[in-house]
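Comments concern the structure below.
Protein chains: 2
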Amino acid sequence: MTVIEPRSGTAFELRSGQQLQIIDIEGTQVSDLLAFNLDDTREALSNGRTFDYEETISLTTGNILWSNRSNAMLEIVADDVGTHDFLLTPCSKATFRHFYPDKPVHRGCFGNLAAALQPFGIEEDDLPCAFNVFMNVPVNGQTGRLSVEPPISKAGDMLTLRAKMDLVIGLTACSAYASNGGQFKPIGYRIR
Amino acid sequence: MTVIEPRSGTAFELRSGQQLQIIDIEGTQVSDLLAFNLDDTREALSNGRTFDYEETISLTTGNILWSNRSNAMLEIVADDVGTHDFLLTPCSKATFRHFYPDKPVHRGCFGNLAAALQPFGIEEDDLPCAFNVFMNVPVNGQTGRLSVEPPISKAGDMLTLRAKMDLVIGLTACSAYASNGGQFKPIGYRIR
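Chains A and B are the protein sequences, given in the same order.
Going by the numbering used here, the residue at position 35 of the first sequence is 35; the numbering climbs one at a time, nothing skipped.
Each number in the numbering used here corresponds to the 1-based position in the second sequence with 192 added.
What follows is the structure in structure tokens.
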């Protein structure tokens, strides 16, 4: 298992058919996931296409994560938790200033993803909404109001995705206070 | 009032401070809205940043639509309907094939927006999730399931937005069967 240190991120290739296992090593932690077509990184993960084709905002085992070009990128093949978020964008310096005006500004998962993906020729403006693994964002169906709650994931819980095309993956250990219950923990991953 | 003919789209500049009024001329019709920074079209509307800052998926009077760079793009200043969607991407040839396999393929709002925005140097892959004016997409807060229902807008109902920066706007009259109750109607707009 490779460990992503607290408040950091990484990027790597994931080939079609390979599985990516994301592990909440200590529990109650979030990992922001991005995916791009390795052969043409202008094709990227799309929350809107995914909500449309899967007809739900709650993605779990059996659901597919789709690209902006309507191609299947990743399939969720195992899920110990069942609660993830695909509504919210990764935190950035601007979101830290907005949500945590009294705390030190951090570049957040957005900055960590931008730095990790830069060697693949992917720029800040190319970053779409991330699939936020283990993130707990309940939505009130009546009012539309959402809130960011601590994850329900326990130590050792995993999410496994299978690549449906050759991909560049960006992956983080969450940096924001609200998303992980105020604790900054590592995230593990494994490619099989 | 300018009329967008059924199943078509247009694009135009909207200057900071100007108001854009979108009119459901006959009722029960949807209009997909995109916005880009006129001075740098890599800055675009972001559903994820908007859900994050507004803390809701239901946007109405007083809410702001945010960009991928965390800048305010548009403020909703009047809303006769109160039901709009920001979850789903505009329909494309691929979504027509997926959702309406027995019906003729149409390029949809996605194709109409891409064609209308092309003179501004905006390409297909640059199109983010649209703010789908008058679109009725209830979400079940328990299961996450969503459905596309006919709009509740009546003839003459309007949504008014104020530009918070100089913008390129893309705007359509919806082309898909489910979104507008199976009828293709025009959409009107007015700049003030």
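A virtual CB, placed ideally from N, CA and C, is assigned to each residue, including glycine.
All values derive from a computational prediction rather than experimental measurement.
Within chain A, the residues that residue i reaches when beta carbons sit closer than 7 Å
i, result
"tyrosine 245/B", "His98"
"valine 331/B", "Ile57, Val139 and Gly141"
"cysteine 366/B", "The contacting residues do not exist; cysteine 366/B stays about 14 Å from chain A at best."
"serine 238/B", "Thr89"
Residue i classed as buried or exposed, judged by whether at least 16 other C-beta atoms fall within 10 angstroms
i, result
"methionine 193/B", "exposed"
"histidine 290/B", "exposed"
"alanine 347/B", "exposed"
"aspartate 52/A", "buried"
"serine 262/B", "buried"
"threonine 220/B", "buried"
"serine 339/B", "exposed"
Listed by chain order, chain A residues near residue i by CB distance under 9 Å
i, result
"alanine 286/B", "Arg49, Arg69, Ser70 and Asn71"
Closest Cα partner of residue i within the set the options
i, options, result
"glycine 82/A", "Arg15/A, Phe134/A, Leu171/A and Asp40/A", "Phe134/A"
"isoleucine 217/B", "Ile196/B, Leu206/B and Asp232/B", "Ile196/B"
"aspartate 166/A", "Arg7/A, Ile22/A and Ala35/A", "Ala35/A"
"asparagine 255/B", "Cys283/B, Phe204/B and Ala355/B", "Ala355/B"
"glutamate 43/A", "Ile152/A, Leu88/A, Gly27/A and Trp66/A", "Trp66/A"
"leucine 225/B", "Ile215/B, Gly219/B, Asp232/B and Asp231/B", "Ile215/B"
"asparagine 68/A", "Thr41/A, Lys93/A, Ile57/A and Asp80/A", "Thr41/A"
"proline 138/A", "Gln183/A, Ile191/A, Leu88/A and Gln19/A", "Leu88/A"
"glycine 336/B", "Thr56/A, Ala11/A, Ser31/A and Gly27/A", "Thr56/A"
"alanine 178/A", "Gln21/A, Val30/A, Ile191/A and Glu13/A", "Val30/A"
"proline 150/A", "His106/A, Asp85/A and Asp52/A", "Asp85/A"
"leucine 230/B", "Cys366/B, Gln334/B and Ile314/B", "Ile314/B"
"phenylalanine 96/A", "Ala176/A, Ala11/A and Phe184/A", "Ala176/A"
Residue i: contacting residues in chain A (beta-carbon distance under 8 Å)
i, result
"aspartate 294/B", "What aspartate 294/B touches in chain A: nothing, since even the nearest Cβ is about 18 Å away."
"arginine 382/B", "Near arginine 382/B there are no residues of chain A at all, since even the closest Cβ is about 27 Å away, more than 8 Å."
Closer than 7 Å at the beta carbon, the chain B residues around residue i
i, result
"glycine 144/A", "Thr248, Ile249 and Ser250"
Under 8 Å by beta carbon: chain B residues contacting residue i
i, result
"arginine 42/A", "Asp317"
Residue-chain proximity (residue i, chain E), Cβ-Cβ < 8 Å
i, result
"phenylalanine 51/A", "Structure shown: chain E not included; protein chains present are A and B."
Distance cut-off 7 Å: residue i Cβ against heavy atoms of the ligand ATP
i, result
"methionine 350/B", "The ligand ATP is absent from the structure shown, which contains no ligands of any kind."
**Message:** Check whether the region 313-332 of chain B and the region 34-50 of chain A are in contact - that is, three or more C-beta pairs closer than 8 Å.
**Reply:** yes
**Request:** Quick one: which residues of the region 71-92 of chain A get their C-beta closer than 8 Å to a C-beta of chain B? List them in chain order.
**Result:** Leu87, Leu88, Thr89 and Ser92
**Item:** Sufficient close CB pairs (3 or more, under 8 Å) joining the region 258-269 of chain B to the region 165-182 of chain A
**Value:** no
**Asked** Given a limit of 9 Å on CB to CB distance, which residues of the region 293-316 of chain B reach chain A?
**Response** Result list: Glu315 and Glu316.
**Message:** I want to know whether the region 289-308 of chain B touches the region 98-114 of chain A - three or more CB-CB distances under 8 Å.
**Reply:** no
**Message:** Would you call the region 199-206 of chain B in contact with the region 107-118 of chain A, where contact means no fewer than 3 C-beta pairs closer than 8 Å?
**Reply:** no
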